[in-house]
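Taking it in order: structure first as structure tokens, then the write-up.
In our numbering, the protein residues as written are 22 to 286.
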């Protein structure tokens with residue numbers, strides 16, 4: 022066997038091992054978490070296996086505080102999308118319309134919230150809005166999270182705008198279209214993939230946020246804060262059951278989107 026053939030085999034083996042380790046690293050924790058939802062043990066673990074049961078799904082559906090926390094997280098995430106999408110899109114449009122020097126300065130300002138610790142954002146937001154008599158709650162959670170999640174949307178939309186052909190706007194203006202019509206008929210359809218990706222990212226970033234949310238939640242309790250509080254008194258596999266249902270919902274949503282996309286294609 023030639024040296025090139027041996028080297029090629031070694032590279033293929035190493036790549037195979039790398040990808041196997043990569044997917045194991047990603048999916049083994051999820052598999053363990055989902056499997057623990059069927060263990061009769063009152064602790065969220067798979068060792069020792071004390072028996073197979075569905076009781077934790079029943080406990081999950083009977084846990085009113087957990088469902089209320091989940092609903093709060095969904096409400097907050099939707100609110101963050103409503104604010105972050107237009108703010109991030111507008112920031113991207115402004116950023117791509119400036120000259121190089123001004124763009125660099127403005128870009129640094131816009132991405133600075135991403136470099137700021139969540140604790141600082143939460144405390145500063147709470148202190149600011151208390152001056153206007155606004156305490157913690159869903160509204161303040163949405164505002165605090167949107168202050169940095171909008172930057173993610175801005176980055177995604179900016180990347181899409183860099184490939185946009187500006188002559189399309191000039192052609193539309195030459196045909197008598199207004200700026201509003203160009204935005205509605207030319208720019209927004211082109212930005213649709215970026216807007217969908219930005220909205221999904223905003224939802225996920227909001228849903229899993231803890232540091233910022235903790236300081237501005239007031240009397241409202243999103244899911245991340247609720248789970249963190251339950252750690253102190255002891256979690257049950259009902260949490261694993263909830264995680265398994267969320268994973269299944271995500272997989273079903275992704276498959277549905279892919280099927281619809283392929284049918285349209």
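Beta carbons: idealized from backbone N, C-alpha and C, even for Gly.
When C-alpha distances from residue 139 are compared across 258, 232 and 38, the shortest belongs to 232. Between the alpha carbons of residue 204 and residue 103 lies a gap of roughly 18 Å.
Excluding residues up to 5 positions away in sequence, 257 and 258 lie with their Cβ nearer than 8 Å to the Cβ of residue 63 in the same chain. Distances from the CA of residue 244 to each of 89, 194, 123 and 101 were compared; the closest alpha carbon is that of 89. Under the DSSP definition of a beta bridge, residue 73 partners with 60. Its Cα nearest to that of residue 53, the residue 261 stands out among 261, 133, 277 and 275. The beta-carbon separation of residue 117 and residue 183, rounded to 7 Å, stays under the 8 Å limit for a contact.
Going by DSSP, residue 194 is part of the alpha helix (DSSP H) stretching over 188-195. In this model, residue 73 and residue 285 are separated by some 43 Å (Cα to Cα). Cβ-Cβ distances below 6 Å link residue 264 to 54 in the same chain, with the five nearest sequence neighbours on each side left out; the list follows chain order. Selection 131, 50, 160 and 212 evaluated against residue 242 yields 160 as nearest (Cα-Cα). The beta carbons of residue 170 and residue 215 sit no closer together than 7 Å. In the three-state scheme derived from DSSP, where H, G and I count as helix and E and B as strand, residue 238 is classed as coil. Approximately 6 Å separates the beta-carbon atoms of residue 162 and residue 238; this is inside 8 Å, confirming the contact. Taking C-beta separations shorter than 8 Å and ignoring five residues to either side along the sequence, the partners of residue 193 in its chain run 202, 203, 206 and 207, following chain order. In this structure, the CA atom of residue 81 is about 33 Å from the CA atom of residue 173. If the five residues before and after residue 168 are omitted, its C-beta is found closer than 8 Å to the C-beta atoms of 134, 142 and 146, all from its own chain and listed in chain order. Residue 277: member of the alpha helix (DSSP H) spanning 259-285, first to last residue. Within the segment 94-161, complete alpha helix (DSSP H) segments of at least 4 residues are found at 121-136 and 139-151, given in chain order.
The Cβ atoms of residue 227 and residue 97 sit closer than 7 Å to each other. For residue 208, there is no enclosing alpha helix (DSSP H), as DSSP marks it with neither H nor E. The C-alpha of residue 114 lies about 34 Å from the C-alpha of residue 273. Counted as a single uninterrupted DSSP element, the alpha helix (DSSP H) harbouring residue 247 occupies residues 244-254.
Residue 267 and residue 136 have their C-alpha atoms spaced approximately 29 Å apart. Cα atoms of residue 91 and residue 248: separation of roughly 10 Å, rounded to the nearest angstrom. The beta carbon of residue 112 sits closer than 6 Å to those of 131 and 175, all from its chain and outside the five residues before and after it, given in chain order. The residue among 57, 86, 219 and 107 with its C-alpha nearest the C-alpha of residue 75 is 57.
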